[in-house]
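Residue numbers (the working numbering): 29 to 273. Ideal placement from N, C-alpha and C gives every residue a C-beta, glycine not left out.
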């Protein structure tokens, strides 16, 4: 008789975090490099972002003229917006710089049917090729679509109020405020099985998926009642949804 194999539930089990025996790379290094590249090119200040677009490369859409496609994250990982969806259209975010419109100040996400669009915000509902720009699969009749939203500066929000001269705007960067903390890029602490499956190698980006904000080391005073560690469990599927990690 042929021995029957038990059904396989998942392909890998992994533990992500800061490996005590590994080399730790500060997450701030990527932020500083990204900030320096985005603020100037060749010592010259770049124009503000004035337009956004979502394209479906899986459906043959090309980057619109004058736009730049964000293909990689600051850490070098794919910046695909629709990764993991069934019938993945491979959505990417594109931006355009210039001075023809007020600059874009904020980005957001709208959960259609459950949230109301705030005043002064705009929705990226379609691609430049008139296809849906929904970031979710939206397959079933009860499924809700998810769209990218943005907010522009008003023409009257410039720092110049005399009506002449170039428009000036104050720019800032948001971040999670944490004192006495060091943030490092997450790595792979352990995995099972230890060797890659021939049909499905373990993606290198799994630790970043588990801890996109990195692993944090915090310093607490001796007399402080510090917080307990936080543990989270994730399930990651492949783009075709036929593999589970």
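Under DSSP, the beta-bridge partners assigned to residue 160 are 154. Using a Cβ distance threshold of 8 Å, residue 79 and residue 129 count as a contacting pair. According to the DSSP assignment, residue 236 belongs to the alpha helix (DSSP H) that extends over 234–238. When the beta-carbon positions are compared, residue 137 and residue 177 come within less than 8 Å of each other.
For the pair residue 239 and residue 209, the CB atoms are not nearer than the 8 Å cut-off. When the five nearest sequence neighbours on each side are left out, the beta carbons in the same chain lying within less than 7 Å of the beta carbon of residue 118 are those of 84, 85, 86, 108 and 110, in order along the chain. Here residue 133 is near residue 179, since their CB atoms are less than 8 Å apart. The alpha-carbon of residue 234 is positioned some 39 Å away from that of residue 127.
The Cβ atoms of residue 96 and residue 123 sit closer than 8 Å to each other.
When DSSP states are grouped into helix, strand and coil, residue 121 belongs to the strand group.
Taking the C-beta atoms as reference points, residue 155 is found nearer than 8 Å to residue 89.
The beta carbon of residue 145 sits closer than 8 Å to those of 138, 151 and 177, all from its chain and outside the five residues before and after it, given in chain order.
Apart from sequence neighbours up to five positions away, no residue of its chain approaches residue 93 with a beta-carbon distance below 7 Å.
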